[in-house]
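There are 2 protein chains.
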Amino acid sequence: MSSDAAEKRVLEAVEKRRELVNEALDDDVPMKSPERLYDATRYLLEAGGKRLRPTVSLLTAEALADVEPLSTDYHAFPALDGAEIDVMSAATSIEVVQSFTLIHDDIMDDDDLRRGVPAVHKEYDTETAILAGDTLYAKAFELLSETGADPANGIEAVRRLATTCIQICEGQALDIEFERRTRVLPEEYLEMVELKTAVLYGAAAAVAATLMDADDETVEAVYRYGIDSGRAFQIQDDVLDLTVPSETLGKQRGSDLVENKETLITLHARQQGVDVDGLVDAVDVDSVTEAEIDDAVATLEAAGSIDYAESKARELTANAKDHLDVLPDNEARSLLREIADYLITRGY
Amino acid sequence: MSSDAAEKRVLEAVEKRRELVNEALDDDVPMKSPERLYDATRYLLEAGGKRLRPTVSLLTAEALADVEPLSTDYHAFPALDGAEIDVMSAATSIEVVQSFTLIHDDIMDDDDLRRGVPAVHKEYDTETAILAGDTLYAKAFELLSETGADPANGIEAVRRLATTCIQICEGQALDIEFERRTRVLPEEYLEMVELKTAVLYGAAAAVAATLMDADDETVEAVYRYGIDSGRAFQIQDDVLDLTVPSETLGKQRGSDLVENKETLITLHARQQGVDVDGLVDAVDVDSVTEAEIDDAVATLEAAGSIDYAESKARELTANAKDHLDVLPDNEARSLLREIADYLITRGY
């Protein structure tokens, strides 16, 4: 299939599952009393999002069950041990974790906007945002304890999600620490990205496989699929920050450089002797010019740093796809491979 | 047994378990990298605390197993279904939740001190405190997923803890909401107290009973024990704020009145026609005099409001103890009853 056709197919697959995930989220995170609290828990979920992580969960289950994609009720899904499981509940649990981490991250990073709307702590207040995140956090574990899977698989899935959440916190702590440090090594950066971003993709796939009663080798392989695609996704994000026009990006191109945020690209450039700190003089995104960013990007390109990051992302994506060989050869597996490609070929 | 002898016995029982809980917490919440994050997760745990909630978990297991208290390894504890469970892991999981809620509550309430030391967001910073709380939150679920109990009981315990955490968030949201409202009904106040404080005592007992493979009726009864003692505990806390000398209390006596914090006492007084808002003119704890507090307390006493709260606490404690009739008649059960008494007879 041509890559355009593949991208169309993957976007369609994501879009169809997104609608089903959104319906499930409406049921799983309902409006209740206290109203302000529950309103805040729903606010970011309603602001949008592609629901890529829950889509990975759903496709992993479909690949394992070897069913025609979208032919089977996600709420009564046939696990390999004969159990009928609510795999959608696992999928929304992952999205709810993602949503909680964004709400708390935006408080910590004092970011005003998220998904084109004010961050929760700006729309409400910090107290409500902390509590809304905490409520979603517990909700994720509640959802994961109610899938109807074999309890041994259920408890293993809970353990995985708990460990994943601890790692996400460690990743965020490293991210904050790196901003205060003068020197970060590329391997430290990659570890941070794995913890902060990739483990939740890993958990999205592994939790579904565990609940489906897949064997340990399969669970580990789909976990690695998530980890490697998640790392590639984040590295590509750093590339896009430099290469996509501001209007497409929805924020100032090169904002990472202006804000002195270290990425794999800048770390590579430093190793090539580039004076990264001198690349951009502007102190904030409002005062930087496109010409200044153009020059900085040209320097990074000349050092081979952008190529380096892109080739690292491609390499990780290839690894990710290889891990899927443990799954039955079917359409859901193809879609998982195409999602891995999409994560690094997407325009923004 | 005289009430003095009973109090001595209960303090000794709590103290012995406290040491074991603290040892387990050292293992369960270890120092790791990133150092600043893990340092912050340990900070409040190390600052002290009686470990009453984990003690309730441990005694519930001992009562059910009908063993001589402290005769059996909590890490390899005999459940009723023959499983060998780590009931200490469940106990520390409850304490870790308590610790996480205190860290986040102190940020939300902008409280500077906790257990006699600076609050985590003061000792470190708000970002670190949010993350330390989030790390402990996941740690609690990780601990509860590793008890070795029958997985069906494990997943039920996880579900209970998740629902409990959601309720604690709801309680905290109501507490914040009430401070902004002009009118709160006594039943609303009692609901807030149940959610914010009592459900974790309920979970402490119920989670242990579930993992021990107790039947549903027993789990529900010990849950009610925790709920009723927890509500009594909080009501008594409000009484102590008015009746215990400042030096014993470790903070200004009557601070709830100065800060216009509604309690069962003030709500009762309002119903008796007392001008509660006019009781204390001082606007902060630094400017209030003991004489002003004495007058306010005398007015509340004359209205019967303090007696009302104390008798409500006693009534709840009696209910709590009655719920324990489902347990075997043994020393651990007696200690659980005495803990319920202790929660409302303690000096501060």
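Top to bottom, those sequences are chains E and H.
Going from the first sequence to my numbering is simple: count from 1 and add 242.
Going from the second sequence to my numbering is simple: count from 1 and add 242.
Glycine included, each C-beta is placed from N, C-alpha and C at the ideal position.
Since the structure is predicted, the reported quantities are computational estimates derived from the model, not experimental observations.
Per-residue contacts from R401 (chain E) into chain H (C-beta, under 7 Å): As a working mapping, residue 401 (chain E) is identified with position 159 in the first sequence. By Cβ distance, chain H contributes E384, S387, E388.
query: Going straight from the alpha carbon of H363 (chain H) to that of F342 (chain H), what length do you get?
result: By one-based count along the second sequence, residue 363 (chain H) stands at place 121. By one-based count along the second sequence, residue 342 (chain H) stands at place 100. So the alpha carbons of these two residues sit roughly 12 Å apart.
- prompt: Going by beta carbon distance, what residues of the same chain come within less than 6 Å of A551 (chain E), once the five residues before and after it are set aside?
  reply: Numbered from 1 along the first sequence, position 309 holds the residue referred to as residue 551 (chain E). Taken in chain order, the residues that qualify are I477, V481, L506, I507.
task: From the DSSP output, in three-state form, read off V359 (chain E) for me.
output: As a working note, residue 359 (chain E) is residue 117 in the first sequence. V359 (chain E) falls in the strand class under three-state DSSP.
- prompt: Should M454 (chain H) be flagged as near chain E, meaning a C-beta pair shorter than 7 Å?
  reply: Residue 454 (chain H) sits at position 212 when you count from the first residue of the second sequence. Taking Cβ atoms only, chain E never reaches closer than 7 Å to M454 (chain H), which makes this a no.
task: Check the DSSP bridge columns for I327 (chain H) and list the partner residues they point to.
output: Indexing the second sequence from 1 puts residue 327 (chain H) at position 85. Bridge partners of I327 (chain H): H:F319.
message: Please state whether the Cβ-Cβ distance between A445 (chain H) and L378 (chain H) is less than 7 Å.
response: The residue given as residue 445 (chain H) occupies position 203 in the second sequence. The residue given as residue 378 (chain H) occupies position 136 in the second sequence. Against a cut-off of 7 Å, the Cβ pair of L378 (chain H) and A445 (chain H) comes out as no contact.
- request: Hey, could you find the ends of the alpha helix (DSSP H) T302 (chain H) is sitting in?
  value: In the second sequence, counting from the first residue as 1, residue 302 (chain H) sits at position 60. Residues 294-307.
Short Cβ contact (7 Å threshold) for P311 (chain E) with E573 (chain E): As a working mapping, residue 311 (chain E) is identified with position 69 in the first sequence. As a working mapping, residue 573 (chain E) is identified with position 331 in the first sequence. Yes; because the gap between Cβ atoms is below 7 Å, this pair is in contact.
- prompt: In chain H, what lies closer than 8 Å to R278 (chain E) by C-beta?
  reply: Counting from one through the first sequence, the residue named residue 278 (chain E) turns up at place 36. The contacting residues are A415, E419.
query: With a CB to CB cut of under 8 Å and the five nearest residues on each side skipped, what residues in its chain are close to D549 (chain H)?
result: Taking the second sequence and counting its residues from 1, one reaches residue 549 (chain H) at position 307. Shown here for D549 (chain H): same chain residues with a beta carbon closer than 8 Å to its own, the five before and five after excluded, namely E543 in chain order.
Length of the line joining the Cα atoms of E388 (chain E) and I397 (chain H): What you label residue 388 (chain E) is simply residue 146 of the first sequence in a count that begins at 1. What you label residue 397 (chain H) is simply residue 155 of the second sequence in a count that begins at 1. The alpha-carbon atoms of E388 (chain E) and I397 (chain H) are separated by roughly 8 Å.
query: For P393 (chain E) and chain H, any beta-carbon pair shorter than 7 Å?
result: Looking up residue 393 (chain E) in the first sequence gives position 151. Contacts with chain H at 7 Å (Cβ-Cβ) include P393 (chain E).
message: Can you check whether the C-beta of E369 (chain H) is within less than 7 Å of a C-beta belonging to chain E?
response: The residue labelled residue 369 (chain H) in the question sits at position 127 within the second sequence. Yes, because at least one Cβ of chain E sits closer than 7 Å to the Cβ of E369 (chain H).
- prompt: Nearest chain H C-beta to A404 (chain E) closer than 7 Å, yes or no?
  reply: Reading the first sequence from its first residue, position 162 is the one you call residue 404 (chain E). Yes, its Cβ sits closer than 7 Å to a Cβ of chain H.
query: Listing by chain order, which chain C residues have their CB less than 7 Å from the CB of T377 (chain H)?
result: The chain inventory of the structure shown lacks chain C, comprising the protein chains E and H.
- prompt: Which of the residues in the region 426-440 of chain E, read from start to end, lie with their CB under 8 Å from any CB of chain H?
  reply: Listed in sequence order: no entries.
message: Please report the distance separating the alpha-carbon of R251 (chain E) from that of L322 (chain E).
response: For the purposes of this step, residue 251 (chain E) is taken as residue 9 along the first sequence, with counting starting at 1. For the purposes of this step, residue 322 (chain E) is taken as residue 80 along the first sequence, with counting starting at 1. One C-alpha to the other measures close to 27 Å.
field: Where the alpha helix (DSSP H) containing R284 (chain H) begins and where it ends
entry: Translated into the one-based positions of the second sequence, residue 284 (chain H) becomes position 42. Per DSSP, R284 (chain H) belongs to the alpha helix (DSSP H) from 277-288.
message: Among H:D564, H:M434, H:Q513, whose alpha-carbon lies nearest the alpha-carbon of V464 (chain H)?
response: Counting from one through the second sequence, the residue named residue 464 (chain H) turns up at place 222. Its Cα nearest to that of V464 (chain H), the residue H:D564 stands out among H:D564, H:M434, H:Q513.
message: Contact between the region 334-341 of chain H and the region 282-298 of chain H is defined here as three or more beta-carbon pairs at a separation below 8 Å; is this criterion met?
response: Contact between the region 334-341 of chain H and the region 282-298 of chain H is present, because at least three Cβ pairs lie under 8 Å.
query: Using a beta-carbon distance below 7 Å, is M273 (chain E) in contact with chain H?
result: Within the first sequence, the letter at position 31 stands for residue 273 (chain E). Contact of M273 (chain E) with chain H is not assigned, every C-beta pair being separated by 7 Å or more.
message: Let me make sure I understand the geometry here. Which of H:A248, H:R588, H:A332 has the alpha-carbon closest to that of L491 (chain H)?
response: By 1-based counting over the second sequence, the position of residue 491 (chain H) is 249. Comparing alpha carbon positions, the residue from H:A248, H:R588, H:A332 closest to L491 (chain H) is H:R588.
For G413 (chain H), the nearest candidate out of E:D376, E:R425, E:T406, E:F475 (CA to CA): Here residue 413 (chain H) corresponds to residue number 171 of the second sequence, with the count starting at 1. The option with the nearest alpha carbon to G413 (chain H) is E:D376.
query: For a contact meaning CB atoms closer than 8 Å, what does M350 (chain E) contact in chain H?
result: Position 108 of the first sequence, counted from the start, is the residue given in the question as residue 350 (chain E). Per Cβ cutoff of 8 Å: T368, E369, I372, L373.
task: Ignoring anything shorter than 3 residues or poking outside the region 410-440 of chain E, list the beta strand (DSSP E) runs there in chain order.
output: Listed in chain order, nothing qualifies, since the region 410-440 of chain E has no complete beta strand (DSSP E) run of 3 or more residues.
query: Taking DSSP as the reference, what is the three-state secondary structure of M350 (chain E)?
result: If you number the first sequence from 1, residue 350 (chain E) lands on position 108. Of the three classes helix, strand and coil, the one that applies to M350 (chain E) here is helix, per DSSP.
message: Just to confirm my understanding: we take S497 (chain E), look at its own chain, exclude 5 residues before and 5 after, and list those with CB closer than 6 Å. What are they?
response: Here the question's residue 497 (chain E) lines up with position 255 in the first sequence. Within the same chain, Cβ atoms closer than 6 Å to the Cβ of S497 (chain E) are found at V527, the five residues on either side in sequence being excluded.
Contact set between H346 (chain E) and chain H, taken where Cβ atoms lie within less than 7 Å: Against the first sequence, residue 346 (chain E) aligns to sequence position 104. Contacts between H346 (chain E) and chain H, judged by CB atoms closer than 7 Å, involve I372, D376 in chain order.
task: Kindly give me the distance between the Cβ atoms of M434 (chain E) and A303 (chain E), rounded to whole angstroms, as I take these residues to be in contact under 8 Å.
output: Position 192 of the first sequence holds residue 434 (chain E). Position 61 of the first sequence holds residue 303 (chain E). With a contact defined as Cβ atoms closer than 8 Å, M434 (chain E) and A303 (chain E) miss out at about 30 Å.
task: Could you check the C-alpha separation between L427 (chain E) and L373 (chain H) for me, to the nearest Å?
output: The sequence position of residue 427 (chain E) within the first sequence is 185, counting from 1. The sequence position of residue 373 (chain H) within the second sequence is 131, counting from 1. It is roughly 23 Å from the alpha-carbon of L427 (chain E) to the alpha-carbon of L373 (chain H).
field: Partner residues on chain E for K364 (chain H), Cβ-Cβ distance less than 7 Å
entry: Residue numbering aside, residue 364 (chain H) sits at position 122 when the second sequence is read from its first letter. For K364 (chain H), there are no neighbours in chain E by C-beta distance under 7 Å, as the nearest C-beta there is about 15 Å away.
field: Classification of N395 (chain E) by the beta-carbon crowding that lies within 10 angstroms, buried from 16 upward
entry: The residue given as residue 395 (chain E) occupies position 153 in the first sequence. N395 (chain E) comes out buried.
query: Going by the CB atoms, is the gap between T559 (chain H) and I586 (chain H) shorter than 7 Å?
result: Locating residue 586 (chain H) in the second sequence gives position 344, counting from the first residue. Locating residue 559 (chain H) in the second sequence gives position 317, counting from the first residue. I586 (chain H) is a Cβ neighbour of T559 (chain H), given a cutoff of 7 Å.
task: Label V525 (chain E) either buried or exposed according to how many other C-beta atoms from any shown protein chain fall within 10 Å of its C-beta, with 16 as the threshold for buried.
output: Start at 1 with the first residue of the first sequence, and residue 525 (chain E) comes out as number 283. Under the 10 Å beta carbon count, V525 (chain E) is surrounded by fewer than 16 other beta carbons and is classified as exposed.
- request: Would you give the residue range spanned by the alpha helix (DSSP H) that Q665 (chain H) belongs to?
  value: Because residue 665 (chain H) is not part of the residues shown, which for chain H are 243 to 590, the question remains open.
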